[in-house]
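K.L.:
After the structure tokens below, expect a handful of questions from me.
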Amino acid sequence: MNKPIEMKEGEDYTINEKGLLVFTREYHLKRGYCCKNLCLNCPWDYVTRLKEDSLLRSKVRKNTTDHNSGE
Numbered sequence: 115m116n117k118p119i120e121m122k123e124g125e126d127y128t129i130n131e132k133g134l135l136v137f138t139r140e141y142h143l144k145r146g147y148c149c150k151n152l153c154l155n156c157p158w159d160y161v162t163r164l165k166e167d168s169l170l171r172s173k174v175r176k177n178t179t180d181h182n183s184g185e
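Right under this line is the structure:
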């Protein structure tokens with residue numbers, strides 16, 4: 115069984131102005147992977163990668179549509 119991770123306020127998380135727990139960059143690195151929940155302090159920059167992937171898909175769709183309409 116997994117042992118719960120002991121977290122320290124200010125080191126692993128902060129409480130924002132709305133009273134929500136926000137994990138720090140250090141906590142994410144300690145955890146070791148991206149959870150893909152669009153975390154504010156994601157060290158893997160998932161938000162940027164998600165936008166880039168979406169932009170790439172849009173370009174591929176446009177190129178496919180342009181190519182098919184030219185036949």
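With positions in the sequence shown counted from 1, the corresponding number in my numbering is that position plus 114. Positions of the beta carbon are idealized from the N, C-alpha and C atoms, including for glycine.
Identify, in the order they occur along the chain, each residue of the same chain with its Cβ nearer than 7 Å to the Cβ of Cys148, setting aside the five sequence neighbours on each side.
P.N.:
Within the sequence shown, residue 148 is the residue found at index 34, counting from 1. These residues qualify, in order along the chain: Cys156, Trp158, Tyr160.
K.L.:
Taking 8 Å as the threshold (C-beta atoms), are Leu154 and Val136 in contact?
P.N.:
Reading the sequence shown from its first residue, position 22 is the one you call residue 136. Reading the sequence shown from its first residue, position 40 is the one you call residue 154. In this structure, Leu154 lies closer than 8 Å to Val136 by Cβ.
K.L.:
Locate the beta strand (DSSP E) running through Leu152, then write down its first and last residues.
P.N.:
Here residue 152 refers to the residue found at position 38 of the sequence shown. Looking at the DSSP string, Leu152 is not in any beta strand (DSSP E), and its letter there is neither H nor E.
K.L.:
Grab me the residues of His142's own chain with a C-beta within less than 7 Å of its C-beta, minus the 5 sequence neighbours each way, in chain order.
P.N.:
Locating residue 142 in the sequence shown gives position 28, counting from the first residue. The residues are Cys153, Asn155, Cys156, Pro157.
K.L.:
Using only the alpha-carbon positions, how far apart do Glu120 and Arg171 sit?
P.N.:
Position 6 of the sequence shown, counting from 1, holds the residue named residue 120. Position 57 of the sequence shown, counting from 1, holds the residue named residue 171. One C-alpha to the other measures close to 40 Å.
K.L.:
How should Glu178 be labelled, buried or exposed, when 16 other C-beta atoms within 10 angstroms of its C-beta is the threshold for buried?
P.N.:
Numbered from its first residue, the sequence shown carries residue 178 at position 64. The question names Glu, but residue 178 in the sequence shown is Thr. Classification for Thr178: exposed.
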